[in-house]
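Residues in the sequence shown are numbered from 1 upward in steps of one, following my numbering.
Cβ atoms here follow ideal geometry from the backbone N, Cα and C, with glycine treated the same way.
Read through the structure below, which is laid out as structure tokens, and then see the notes.
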Amino acid sequence: MNRTATWIGALVALGGCGGQEPPAARSVPMAATPPVDPHSFARPAEVRVTHLDLDLTVDFEARRLRGTATLSLERAPGAGELRLDTRQLEVAAVTLHSEGRAEDQPGGEPAVFTLGEESPFLGRGLTVALGPATTAVRIEYQTLPGAAALQWLEPAQTAGGRHPFLFTQSQAILARTWVPCQDTPAVRMTYEATIRVPPPLVALMSAENPTAPSADGVYAFRMPQAVPSYLLALAVGELEFRSMGPRTGVWAEPALAAAAAWEFAETEAMMEAAERLYGPYRWGRYDLLVLPPSFPYGGMENPRLTFLTPTVIAGDRSLVALIAHELAHSWSGNLVTNATWNDFWLNEGFTSYIENRLIEEVKGAEYAEMLRALSLQDLEDELAGLAERDTHLWLDLAGRDPDDGMTSVAYDKGAALLRLLEETLGRETWDAYVGDYFDRFAFRSIDTATFVADLEARLLSARPDDAAAIDLQGWVYGPGLPANHPLPESRAFEAVDAELARWRDGAPAAELATAGWVTQQWQHFLRNLPDPLPAAGLADLDRAFGLSTSGNSEVLSAWLTVAIRHDYRPAYPALETFLTTVGRRKFLKPLYAELARTEDGLAWARRVYANARPGYHSVSTNTIDEILGWEESGRKQAG
Ligand code: BES
Ligand code: ZN
Numbered sequence: 001m002n003r004t005a006t007w008i009g010a011l012v013a014l015g016g017c018g019g020q021e022p023p024a025a026r027s028v029p030m031a032a033t034p035p036v037d038p039h040s041f042a043r044p045a046e047v048r049v050t051h052l053d054l055d056l057t058v059d060f061e062a063r064r065l066r067g068t069a070t071l072s073l074e075r076a077p078g079a080g081e082l083r084l085d086t087r088q089l090e091v092a093a094v095t096l097h098s099e100g101r102a103e104d105q106p107g108g109e110p111a112v113f114t115l116g117e118e119s120p121f122l123g124r125g126l127t128v129a130l131g132p133a134t135t136a137v138r139i140e141y142q143t144l145p146g147a148a149a150l151q152w153l154e155p156a157q158t159a160g161g162r163h164p165f166l167f168t169q170s171q172a173i174l175a176r177t178w179v180p181c182q183d184t185p186a187v188r189m190t191y192e193a194t195i196r197v198p199p200p201l202v203a204l205m206s207a208e209n210p211t212a213p214s215a216d217g218v219y220a221f222r223m224p225q226a227v228p229s230y231l232l233a234l235a236v237g238e239l240e241f242r243s244m245g246p247r248t249g250v251w252a253e254p255a256l257a258a259a260a261a262w263e264f265a266e267t268e269a270m271m272e273a274a275e276r277l278y279g280p281y282r283w284g285r286y287d288l289l290v291l292p293p294s295f296p297y298g299g300m301e302n303p304r305l306t307f308l309t310p311t312v313i314a315g316d317r318s319l320v321a322l323i324a325h326e327l328a329h330s331w332s333g334n335l336v337t338n339a340t341w342n343d344f345w346l347n348e349g350f351t352s353y354i355e356n357r358l359i360e361e362v363k364g365a366e367y368a369e370m371l372r373a374l375s376l377q378d379l380e381d382e383l384a385g386l387a388e389r390d391t392h393l394w395l396d397l398a399g400r401d402p403d404d405g406m407t408s409v410a411y412d413k414g415a416a417l418l419r420l421l422e423e424t425l426g427r428e429t430w431d432a433y434v435g436d437y438f439d440r441f442a443f444r445s446i447d448t449a450t451f452v453a454d455l456e457a458r459l460l461s462a463r464p465d466d467a468a469a470i471d472l473q474g475w476v477y478g479p480g481l482p483a484n485h486p487l488p489e490s491r492a493f494e495a496v497d498a499e500l501a502r503w504r505d506g507a508p509a510a511e512l513a514t515a516g517w518v519t520q521q522w523q524h525f526l527r528n529l530p531d532p533l534p535a536a537g538l539a540d541l542d543r544a545f546g547l548s549t550s551g552n553s554e555v556l557s558a559w560l561t562v563a564i565r566h567d568y569r570p571a572y573p574a575l576e577t578f579l580t581t582v583g584r585r586k587f588l589k590p591l592y593a594e595l596a597r598t599e600d601g602l603a604w605a606r607r608v609y610a611n612a613r614p615g616y617h618s619v620s621t622n623t624i625d626e627i628l629g630w631e632e633s634g635r636k637q638a639g
């Protein structure tokens, strides 16, 4: 375990919607119309956005983006209305444009438009009446200071401390809080953007990026591959670029740039492994962006530029499965996209499966097996607390926040199904199918039924015995973890179990054979400590292994969870520091939930949260507010 570094110091097959048919997909049952996306007001079968031109000024003082979004349209015969998603946007004007590029007629023609009733988390539909010749619509607008996708950081919340920072998080349905768009993963568009920022700040997007700051603060971006709205992304801050390989590099605040470039040096090798397995990387470059610690996720697969939490910089490259995961989305998710958020497991299950395959290539089979064992335990733990309907792979999230579907079911149950397919059908057959699947459905959005039908038609129908053993329908549309799930067996974890048993039998922690243990072994150790656990035992562990001062965010958060559960007070200063500096929801959620189990813990948590909350992204405060029963005045501000 690395103890010198501090975690922050060192830190659709959609007929009529998808464009071209996939060449060999005739056997796939095609939906005549796109599946209805319960999380969007758009009606892409009538009028569909094909290209976005953004021109935005970033105003840090007002905490607003201001400017225009010009949307190029494709219209079905007779369709006269464009329907868009918006939330928390102030629309100043809408104009209609015809012929060629809208830029050629800056004035346009004023449009008649209506904003619908506000719905919780969906926002307001924007309906624009089109003229007979309208080919583009321009919307002049500004965002609200509390826009859910945007996090505006004070200089003090950055590593450098001198400049403010802004980043976006659009997935799942937050793009509509900073760009009026058809905010459904069933619609793909190319985009261009002009972003104006105060120098010397750098602006970066999920697009072709600069490699140096612009003197006047004006940045031009181009994204020539069509992407869904949830992959629109922007970050602005004091950022520096380090090259890591011919196609890979990392952006980070200057203080973190060297550590980041060292930590992620295996990225190019991961790309090569992914291409060997699944075909060419189709996005040009693959760069990383290390964000300030309030970033609410581990990573976000913004095309060409993955957004990352700094908590993945452990100083020993032990947490880079997250890079493998976000890179894998370049195939599963960004290339072949879930058609609606009900099909989220298609994005995350495939990606978690591929993540593990890439880790096997780069770190070896035993390492990959440890990660699968940890995932299985995560899944079993989470399944125990989920409502049955949330344990299916395909979900019906109509009327709910798509965020509710972001559980380990999509990730780990999804990956377990794909691993079962691999083990049953044979790696060679299965890999060939997956590579072919990415090819045939490239740059399209597909739903679960389309995937199931494709797999049945291409592989399972010819192998009835395998198909019966797998029970695909039961896995996808049924509850829980089916009994035929693969069972990882990790020898490295057996060694940990042996030491755990010795400690339970009275051996002092300092005498355990832990030399050479990797992060995942420590995670396994901490998850499997006996319960109950006396304070003296906790002190023994902390003294021997320096757990409260661990520089590894996964080890530290696992330890802090144990400390809360057993009320080990000496760890609370470290807990408070962690909660007030890290905004990654995956870490915050179990810690606050564990605290909330006792009255004293809840009171302590609320005191810390009052202080920490202004530094968290809305994604995290939404979750933690609920855990702590937090009511913030102005919280419901502008929906
Ligand atoms: N695309 C997700 C993050 C996401 C999902 C954001 C749904 C908003 C809505 C990303 O690829 C992801 O899965 N991140 C994980 C990484 C982990 C599983 C390796 C995370 O942030 O923890
Ligand atoms: Zn993911």
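Expected contact under 8 Å - CB spacing of residue 393 and residue 476 to nearest Å: For residue 393 against residue 476, the beta-carbon gap comes to about 5 Å, under 8 Å, which counts as contact.
Residue 238 Cβ short of 7 Å to the ligand ZN heavy atom set: Residue 238: no, Cβ never under 7 Å from the ligand ZN.
Which of helix, strand or coil DSSP assigns to residue 402: Correct three-state label for residue 402: helix.
Whole runs of the beta strand (DSSP E) within the stretch 150 to 189, excluding any shorter than 3 residues: Segments of the beta strand (DSSP E) lying fully in the stretch 150 to 189: 150 to 153, 165 to 168.
Unbroken beta strand (DSSP E) run spanning residue 87, endpoints: Per DSSP, residue 87 lies in no beta strand (DSSP E) and is assigned neither H nor E.
The stretch 418 to 428 in contact with the stretch 341 to 357 per 3-pair CB rule at 8 Å: By the C-beta criterion, the stretch 418 to 428 is judged to be in contact with the stretch 341 to 357, since at least 3 inter-stretch pairs fall below 8 Å.
Beta-carbon gap between residue 616 and residue 294 smaller than 8 Å: The answer is yes: Cβ separation under 8 Å.
Neighbourhood of residue 134 by C-beta distance below 6 Å, restricted to the same chain and skipping five residues each side: The answer, listed in chain order, is 96, 98.
Bounding residues of the beta strand (DSSP E) (the contiguous stretch that carries residue 393): Where residue 393 is concerned, there is no enclosing beta strand (DSSP E), given that its DSSP letter is neither H nor E.
Reduced DSSP category for residue 600 - H, G, I as helix; E, B as strand; rest coil: Helix at residue 600.
Outcome for residue 112 when other beta-carbon atoms lying within 10 angstroms are tallied against a minimum of 16: Around the Cβ of residue 112, a 10 Å sphere holds fewer than 16 other Cβ atoms; the residue is exposed.
Rounded C-alpha distance that separates residue 630 from residue 605: Pairing residue 630 with residue 605, the inter-Cα distance amounts to about 11 Å.
Distance cut-off 7 Å: residue 395 Cβ against heavy atoms of the ligand BES: Not under cutoff, so the answer is no.
Close Cβ partners of residue 543 (< 8 Å) along its chain, the five nearest in sequence each way excluded: The beta carbon of residue 543 lies closer than 8 Å to those of 509, 510 in the same chain, with the five residues before and after it left out.
Residue 239 (DSSP reduced to helix, strand or coil): Residue 239: coil per DSSP, three-state reduction.
CB of residue 445 within 8 Å of CB of residue 337, strictly: For residue 445 and residue 337, yes; Cβs fall inside 8 Å.
Buried/exposed call for residue 399, threshold 16 Cβ in 10 Å: By the neighbour-count criterion, in which 16 or more other beta carbons inside 10 Å mark a residue as buried, residue 399 falls on the exposed side.
One or two residues paired with residue 119 in a DSSP bridge: The partner list for residue 119 (beta bridge, DSSP) reads 123.
Buried or exposed (CB count within 10 angstroms, at least 16 for buried), residue 426: Classification for residue 426: exposed.
Length-filtered (4 minimum) alpha helix (DSSP H) runs lying within the stretch 295 to 354: Listed in chain order, the complete alpha helix (DSSP H) runs (minimum 4 residues) inside the stretch 295 to 354 are 321 to 328.
Separation of residue 78 from residue 122, as counted between CA atoms: Distance from the CA of residue 122 to the CA of residue 78, rounded to the nearest whole angstrom, comes to 27 Å.
Length of the line joining the Cα atoms of residue 114 and residue 520: The alpha-carbon separation between residue 114 and residue 520 amounts to approximately 54 Å.
Backbone secondary structure at residue 211 - three-state DSSP: The answer is coil: DSSP assigns residue 211 none of H, G, I, E or B.
Coil, strand or helix - residue 273 by DSSP: Helix.
Selection from 480, 437, 330 that minimises the alpha carbon distance to residue 386: For the residues 480, 437, 330, the minimum Cα distance to residue 386 belongs to 480.
Contact check, residue 179 vs residue 126, beta carbons under 8 Å: Against a cut-off of 8 Å, the Cβ pair of residue 126 and residue 179 comes out as no contact.
CB of residue 287 within 8 Å of CB of residue 229, strictly: Not closer than 8 Å, so no.
Residue 563 - DSSP class collapsed to helix/strand/coil: Collapsing the DSSP output to three states places residue 563 in a helix.
Rounded straight-line distance, which links the Cα of residue 165 to that of residue 268: Those two C-alpha atoms are separated by around 28 Å.
Paired residues, beta bridge with residue 194 - DSSP: Answer is 55, 220, bridged to residue 194.
Residue burial classification, residue 461 (beta-carbon count within 10 angstroms, cutoff 16): Looking at its Cβ environment, which holds fewer than 16 other Cβ atoms inside 10 Å, residue 461 is exposed.
Residue interval of the beta strand (DSSP E) (run including residue 618): Boundaries around residue 618 are those of the alpha helix (DSSP H), 618 to 628, since no beta strand (DSSP E) includes it.
Proximity test, residue 351 beta-carbon vs the ligand ZN heavy atom, cut-off 7 Å: Yes, the beta carbon of residue 351 sits closer than 7 Å to at least one heavy atom of the ligand ZN.
Beta-carbon proximity list for residue 559, same chain, < 6 Å, skipping 5 on both sides: Close CB contacts of residue 559 within its chain, under the 6 Å cut and outside five residues either way in sequence, are with 526, 547 (chain order).
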